[in-house]
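Quick note: to get this note's numbering, add 410 to the position in the sequence shown (first position is 1). Encoded as structure tokens, the structure appears first; notes follow it.
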Amino acid sequence: MEFAKARDAMISGQLRPNKVGDSALVAAIRTVPREIFVPRAKRDIAYVDEDLEIAPGRWLMEPVVFARLVQAAEIKKTDAVLDLGCLTGYSTSVLSYLASAVVGVEADFGLVEKANANLADLSLGNAAVIEGDLLEGYAKEAPFDVILIGGAVERIPHSFIDQLAEGGRLVTVQVKNGVGRAVIGRKSAGVFGLVDFMDAQCPIIPGFELPDTFSF
């Protein structure tokens, strides 16, 4: 299979018709070989418009949902980004072309190893993936200008908001009563507000289900 052609077809057939027009984002997606981040047996379907299971219970978001979330975050070259639930590093790699620095967090050590190997293979020196509890974020290097949660959630831990810089943005898919919506939250004067902007369905990341002590 000619993956470069599949990548171009994904951009022209999936992303552009669904309001993904940011030139830097499209260039990053065109550059990053999505196929290397999925299991070898699934590489031929790496560019289909659906979520792909990468590890048991863990899914790579479909291209349109991922791209719309990143585009909504309006990432600048000076931004520091936290990429939560980055799996084998696809999202971290794309974000590395847009931001100053990217920290990916994964709970599974095997995924962390694969992610860092992929980043090294692509010579992406401004990004790294660390092993950690996804629900804790990564306070060690906070604050972040952007936080991407790479999957659906029913709750957003308050600690994530604490790790956002003033003016920072958080993007994810929030599920309420079984219905998913892409959302962006902004922190202004210490206050966090959340707005939804499109329908989006993807699997909930284990651990981000209700009930818990805090939710937006």
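Virtual Cβ for every residue (Gly too), placed ideally from N, Cα, C.
Identify the continuous beta strand (DSSP E) that holds residue i and give its terminal residues.
i, result
"glycine 467", "Per DSSP, glycine 467 belongs to no beta strand (DSSP E) and is neither H nor E."
"alanine 490", "490-494"
"isoleucine 559", "554-563"
"leucine 529", "Careful: leucine 529 lies outside any beta strand (DSSP E), inside the alpha helix (DSSP H) at 519-531."
"aspartate 609", "601-609"
"lysine 429", "Premise fails: lysine 429 is in no beta strand (DSSP E) and is neither H nor E."
"glutamate 516", "511-516"
"glycine 588", "First-last for glycine 588: undefined, no H or E at that position."
CB-CB under 7 Å to residue i, same chain, minus the five flanking residues each way: which ones, in chain order?
i, result
"aspartate 622", "Caution applies to aspartate 622, whose pLDDT of 48 falls short of 50 and renders its modelled position unreliable; the value that the coordinates give is listed next. For aspartate 622, where only same-chain residues beyond five positions count, the Cβ hits under 7 Å are Arg565."
"glutamine 611", "Gly590"
"asparagine 536", "Ser506, Ser510, Ala511, Val512"
"isoleucine 421", "Val436, Ile439, Arg440"
Going by C-alpha to C-alpha distance, which of the options sits closest to residue i?
i, options, result
"valine 491", "Gly547, Phe447, Ala599, Val448", "Gly547"
"valine 436", "Val539, Gln424, Phe570, Gly520", "Gln424"
"aspartate 572", "Leu505, Lys550, Glu460", "Lys550"
"alanine 456", "Leu534, Leu544, Ala414", "Ala414"
"asparagine 428", "Pro443, Arg450, Ala477", "Ala477"
"arginine 450", "Leu620, Lys524, Gly600", "Lys524"
"threonine 488", "Ser501, Gln481, Leu508", "Leu508"
"arginine 440", "Val605, Ala416, Leu462, Lys452", "Ala416"
"valine 430", "Pro466, Leu620, Gln481, Ala465", "Gln481"
"asparagine 587", "Phe602, Ser598, Glu619", "Glu619"
"arginine 468", "Lys597, Ser569, Cys496, Ala538", "Cys496"
"methionine 608", "Val585, Gly617, Ser598", "Val585"
"alanine 517", "Asp418, Ser533, Thr498", "Thr498"
"alanine 538", "Asp531, Asp418, Ala434, Thr502", "Thr502"
"glycine 561", "Ile540, Tyr500, Lys452, Gly600", "Tyr500"
"leucine 532", "Ala483, Glu445, Ala419, Ala434", "Glu445"
"valine 504", "Asp606, Asp543, Ala434, Leu544", "Ala434"
Write down the C-beta distance between residue i and residue j rounded to the nearest angstrom, noting that I regard them as a contact closer than 8 Å.
i, j, result
"alanine 592", "leucine 479", "6 Å"
"aspartate 493", "glycine 514", "4 Å"
"valine 474", "aspartate 459", "6 Å"
"isoleucine 485", "valine 563", "About 20 Å; that fails the 8 Å criterion."
"phenylalanine 447", "asparagine 526", "At roughly 12 Å, the Cβ-Cβ gap does not stay under 8 Å, so phenylalanine 447 and asparagine 526 are not in contact."
Among the residues of its own chain, which have a CB less than 6 Å from the CB of residue i, if the five just before and after it don't count?
i, result
"aspartate 432", "Gln481"
"phenylalanine 602", "Ile571, Gly595"
"serine 569", "Gly547"
"glutamate 472", "Asp459, Glu460, Asp461"
For the alpha helix (DSSP H) that contains residue i, what are its first and last residues?
i, result
"alanine 477", "473-483"
"alanine 419", "413-420"
"isoleucine 540", "From DSSP, isoleucine 540 is part of no alpha helix (DSSP H) but of the beta strand (DSSP E) over 537-541."
"threonine 502", "500-506"
"serine 569", "568-572"
**Stretch pair the segment 574-586 + the segment 544-556: three plus CB contacts closer than 8 Å** = yes
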